[in-house]
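**Q**
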Amino acid sequence: MDILAVDVGGTKVDMAIVKDGTVVSRDRFLNSPSENIVNLIASYTKDRQIDGVGIGVAGQVDYETGTVIFGGNLGWQNFPLGTLLAKELNVPVFVENDANIFALGVWKYELGGTAESVLGITLGTGIGGGFVYEGELLRSKKGASLEIGHMVIEAEGPACTCGSQGCLESLAGGWALEKWYSERTGEKLTGVQIHERARAGDKEAIYLYQRLGYYLGIACASLANILNPDLIVLGASISTTYPLWKEIYEAEFRRRVLPPLKDTPTMVSNLKEAALLGASALVEQALTR
């Protein structure tokens, strides 16, 4: 089965052809996908024979209709991506939240489908969550399942892109990290540059990563108390900085989680192309049932 897998982020679009669980070709497009996503995907599939399309999007998604209900970092609201693309390509199209497809990809390809329950957390520009239980994704019809980036951690905390205050994403997301560093130092740096500064001993950068780990520890303890996962798996760009904040994260997690759950392991995914493989798995599940 040849599947087009797509991962749509706020500033880039990754696309790959996946055949039987193997990425056979892959490309990245560094531009805002908000206006030309249908044309971009359609042009990529030109002269390619595919059986279906799986798309992960940062935002709330109605899986049944393929509509992006709300993608705050993309500027999309009630955008019928699945319908438009299926009409254009004349193949089945499945759209899902990007953290959900990350969790599905990790469960199937990194863990071999053996774990009963996996909580996947994506730490990038924003923060997302996906939960797989016995091979099935936790979903709701309104597309808001596990929008953990918008869990309120500090009631009167900083403003978030969703319109609320004190959301986890506004305290530990990539955009928040860049914003806080700029406000504290007067320098506008990318997340990669801040990471480099932290590794070089920059006290402000180290402080911000410690702060990030503190809030993520609080959030993951709450999530573990609710979901009781076998495993918590971190992914996306900020997960690579885990060594900088692992100690404070683990301390806060263990301090706040219920006693039977204190040994719930957290790991960083080593699966290359987890999101793209998850998008492929999404299509395989749907077409083989």
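Each step along the sequence shown adds one to the number in this note's numbering, with nothing skipped, and position 230 is 392.
Ideal Cβ placement from N, Cα and C applies to all residues, glycine included.
Note that the structure is a prediction, hence the values are computed from the model and not measured.
Please state the DSSP three-state secondary structure of Thr287.
**A** Three-state result, Thr287: coil.
**Q** May I ask you to report which of helix, strand or coil DSSP gives Leu420?
**A** Of the three classes helix, strand and coil, the one that applies to Leu420 here is coil, per DSSP.
**Q** Using CA coordinates, which residue listed in Val219, Phe232 and Phe415 is at the minimum distance from Ala292?
**A** Ala is not the amino acid found at residue 292; the sequence shown has Gly there. Cα-wise, what sits closest to Gly292 is Val219.
**Q** Please look up how many angstroms separate the CB atoms of Leu281 and Pro391, rounded, as I've assumed it's under 8 Å.
**A** That pair is a contact at about 4 Å.
**Q** Based on Cα-Cα distance, which residue from Leu166, Leu330, Leu236 and Gln222 lies nearest to Ser205?
**A** It is Leu166 whose Cα lies nearest to the Cα of Ser205.
**Q** Mind checking whether Tyr411 and Val430 have CB atoms under 7 Å apart?
**A** No.
**Q** Indicate whether Glu414 and Ile380 have their beta-carbon atoms separated by less than 7 Å.
**A** A contact, by the Cβ cut-off of 7 Å.
**Q** Nearest to Leu385 by alpha carbon, out of Asp364, Arg301 and Arg418?
**A** The residue with the shortest Cα to Cα distance from Leu385 is Arg418.
**Q** Just grab the DSSP bridge partners of Lys181 for me.
**A** DSSP, once it has assigned bridges, lists Asp164 and Thr184 as partnering Lys181.
**Q** What is the DSSP secondary structure of Arg301, counted as helix, strand or coil?
**A** In the structure shown, Arg301 sits in coil (DSSP, three-state: anything other than H, G, I, E or B).
**Q** Enumerate in chain order the residues of its own chain whose CB-to-CB distance from Val253 is below 8 Å, with the five nearest sequence positions on each side excluded.
**A** Counting only Cβ-Cβ distances below 8 Å, and skipping sequence neighbours, we find Ile212, Asp213, Gly214 and Val215.
**Q** Please classify Ser122: is it buried, with 16 or more other beta-carbons within 10 angstroms of its beta-carbon, or exposed?
**A** Given that the chain is displayed from residue 163 to residue 451, the structure contains no residue 122 and the question cannot be resolved.
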